[in-house]
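Visitor: Below you'll find the structure I mean.
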Amino acid sequence: MTDTAFVETLVAEPSRSVRQRAPLVDPFQRPITYLRVSVTDRCDFRCVYCMSEHMTFLPKADLLTLEELDRLCSAFIGQGVRKLRLTGGEPLVRRGIMTLFRALARHLDSGDLDELTLTTNGSQLPKYAAELAELGVRRINISLDTLDPDKFRAITRWGELDKVIAGIDAAQAAGIRVKINAVALKGVNENELAELVRWTHGRDMDLTIIEVMPLGDVGEGRLDQYLPLSMVRARLAEQFTLQEIDYRTGGPARFVKVVETGGRLGFITPLTHNFCESCNRVRLTCTGTLYMCLGQEDAADLRTPLRASGSNNLLDAAIEAAIARKPKGHDFIIDRRHQRPALARHMSVTGG
Ligand code: SAM
Numbered sequence: 200m201t202d203t204a205f206v207e208t209l210v211a212e213p214s215r216s217v218r219q220r221a222p223l224v225d226p227f228q229r230p231i232t233y234l235r236v237s238v239t240d241r242c243d244f245r246c247v248y249c250m251s252e253h254m255t256f257l258p259k260a261d262l263l264t265l266e267e268l269d270r271l272c273s274a275f276i277g278q279g280v281r282k283l284r285l286t287g288g289e290p291l292v293r294r295g296i297m298t299l300f301r302a303l304a305r306h307l308d309s310g311d312l313d314e315l316t317l318t319t320n321g322s323q324l325p326k327y328a329a330e331l332a333e334l335g336v337r338r339i340n341i342s343l344d345t346l347d348p349d350k351f352r353a354i355t356r357w358g359e360l361d362k363v364i365a366g367i368d369a370a371q372a373a374g375i376r377v378k379i380n381a382v383a384l385k386g387v388n389e390n391e392l393a394e395l396v397r398w399t400h401g402r403d404m405d406l407t408i409i410e411v412m413p414l415g416d417v418g419e420g421r422l423d424q425y426l427p428l429s430m431v432r433a434r435l436a437e438q439f440t441l442q443e444i445d446y447r448t449g450g451p452a453r454f455v456k457v458v459e460t461g462g463r464l465g466f467i468t469p470l471t472h473n474f475c476e477s478c479n480r481v482r483l484t485c486t487g488t489l490y491m492c493l494g495q496e497d498a499a500d501l502r503t504p505l506r507a508s509g510s511n512n513l514l515d516a517a518i519e520a521a522i523a524r525k526p527k528g529h530d531f532i533i534d535r536r537h538q539r540p541a542l543a544r545h546m547s548v549t550g551g
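Residue numbers for the sequence shown follow the numbering used here, beginning at 200 and rising by one.
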């Protein structure tokens, strides 16, 4: 079926909408209301902490079709998921991606979904921001680790800072709220983070700083990249007054208010702080594998039950069985004895 025909079918067949149940609850009494979906493992950047320079990507034939991704996401919404984030790889380089956004937006219209959003490197936003806003996307996360064009090129290997800034401009012009995510990198952007705070807050954007996680072999020693956020925070506290606030996005970030700028600053510290107790999310890959935890290997194959039948009975049962084995938490370790990645798969596979 062509992309256009697929969307027309969804509109014409009310049975494609979902009948939503109460959220699934995992063995640790956490309701699962948030699904992150990696729609492609490909990206137009090659960030040094995320991918090796010469990545081998999945053969295109292994990817779920847009229609299958829609069916899977809709099944999760039927099981009580209220927030959906498309990620990758770079979600906006997946061919026909706006067709999927348009199809999923029907769940916003029906009230079954509270939020449809994405995490992006921003490079394609000049092209897509207006359409995303029109479909009901209200806030997005854009990854940006530095404001220095040369450093930006060195970190992303293939990216251009100008294009990302143009993407941020386009999103804001379309009325979408932007949060910037920056990974703290030892010896690379550690002296720039205060400037990033001023810049993001000056443009009415929140900033979240993320600790490097040991995912996938990227061809560089993790110890060389790792900068504990306790150190970042202590240094920022020399320049700014960081006020504890209650603000939570339902995710792992802990926020403070920066008194001097009036803006919000989040810290995601998977290595120095365990954030699993309130975890409400699961992650789906573009081949239909469900990871119940970003930091564990256990996964459930949803592609087989999806393809086995046109009805969702098998799929629903597989989703329920997977949530019933969601682990309590992860234990990433970076130290001199653990130079290898804690997990073999890259963030671009699981969906960052
Ligand atoms: N391409 C999109 C982007 O750039 O935001 C979405 C996918 S990317 C994998 C999502 C986020 O994961 C980015 O903010 C990126 O910086 C972060 N990330 C990737 N690898 C990471 C790692 N090893 N540790 C911490 N964050 C990582």
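Positions of the beta carbon are idealized from the N, C-alpha and C atoms, including for glycine.
1. Is D534 helix, strand or coil by DSSP?
2. Given the structure, does S342 come close to the ligand SAM, in the sense that its CB is under 7 Å from one of the ligand's heavy atoms?
3. Return the bridge partner residues of P526 from the DSSP annotation.
4. A370 and I339 - do their beta-carbons sit closer together than 8 Å?
5. In the structure shown, what three-state DSSP assignment does Q219 receive?
6. Measure the C-alpha to C-alpha separation of L513 and E443 and round it to an integer number of angstroms.
7. Return the CA-CA distance between N388 and T345, expressed in angstroms with no decimal places.
8. Quick check: P526 and M491, are their CB atoms within less than 8 Å of each other?
9. From the beta carbon of T503, is the nearest beta carbon of chain D less than 8 Å away?
10. Mapping DSSP to helix, strand and coil, what is A383?
11. Please confirm whether any heavy atom of the ligand SAM lies closer than 7 Å to the CB of G288.
12. Restricting to Cα atoms, I'd like to know which of G374, L343, I375, W398 is closest to L384.
13. By the DSSP assignment, the alpha helix (DSSP H) with K326 in it spans what residues?
14. Keeping to the same chain, check which residues put their C-beta closer than 7 Å to that of R463; ignore five residues upstream and five downstream.
15. Can you find the residues in the same chain that come closer than 7 Å, C-beta to C-beta, to T319, ignoring five residues on each side of it along the sequence?
16. Just the C-alpha distance for R536 and R270, rounded to the nearest angstrom, thanks.
17. CB-CB under 6 Å to F244, same chain, minus the five flanking residues each way: which ones, in chain order?
18. Could you please give me the residues that DSSP links to Q442 through a beta bridge?
19. Does DSSP put N320 in a helix, a strand or coil?
20. The ligand SAM and T318: does the residue's C-beta get closer than 7 Å to at least one heavy atom of that ligand?
21. Can you tell which of M412, E459, F466 has the C-alpha that lies nearest to the C-alpha of S429?
22. In angstroms with no decimal places, state the Cα-to-Cα distance between G251 and R352.
23. Check V292 in the structure and name its three-state DSSP category.
24. Under 8 Å between the Cβ atoms of R337 and R284?
25. Taking Cβ to Cβ, would you say R229 is nearer than 8 Å to G279?
26. Answer yes or no: the CB of C485 versus the heavy atoms of the ligand SAM, is any distance below 7 Å?
27. Should Y248 be counted as a contact of the ligand SAM given a C-beta to heavy atom distance under 7 Å?
Guide: Taking the geometry as given:
1. Because the pLDDT at D534 is just 45, under 50, the model does not fix this residue reliably, and the point stays unresolved.
2. The closest heavy atom of the ligand SAM lies less than 7 Å from the beta carbon of S342.
3. Answer is none; P526 lacks a bridge partner.
4. When the beta-carbon positions are compared, I339 and A370 come within less than 8 Å of each other.
5. Three-state DSSP puts Q219 in coil, outside helix and strand.
6. Our two residues, L513 and E443, have alpha carbons roughly 46 Å apart in a direct line.
7. Roughly 6 Å between the two C-alpha positions.
8. For P526 and M491, yes; Cβs fall inside 8 Å.
9. This model lacks chain D altogether, as it is built from one protein chain only.
10. A383: strand per DSSP, three-state reduction.
11. Flag set: Cβ of G288 near the ligand SAM.
12. The shortest CA-to-CA distance from L384 to any of G374, L343, I375, W398 is the one to L343.
13. Unbroken alpha helix (DSSP H) run through K326: 324-334.
14. D405, Y446, F454, K456, listed in sequence order.
15. Within the same chain, E289, P290, L291, I339, I341 come within 7 Å of T319 by CB-CB distance, once the 5 residues on both sides are set aside.
16. Residue placement at R536 is poorly supported in this model, since its pLDDT is 49, which falls under 50; the coordinates still yield a value, given next. When rounded, the distance between both Cα atoms is 43 Å.
17. Cβ within range, chain order: N320, T355, W357, G358.
18. Q442 pairs with K456.
19. Three-state DSSP puts N320 in coil, outside helix and strand.
20. Yes, Cβ of T318 sits closer than 7 Å to a heavy atom of the ligand SAM.
21. That would be F466, whose Cα lies nearest to the Cα of S429.
22. The question names Gly, but residue 251 is Ser in the sequence shown. A direct Cα-to-Cα measurement between S251 and R352 gives close to 15 Å.
23. If DSSP states are grouped into helix, strand and coil, V292 belongs with the helices.
24. In this structure, R284 does not lie closer than 8 Å to R337 by Cβ.
25. In this structure, G279 does not lie closer than 8 Å to R229 by Cβ.
26. No; taking the cut-off as 7 Å, the Cβ of C485 has no heavy atom of the ligand SAM nearer than that.
27. For Y248, the distance from the CB to the nearest heavy atom of the ligand SAM is below 7 Å.
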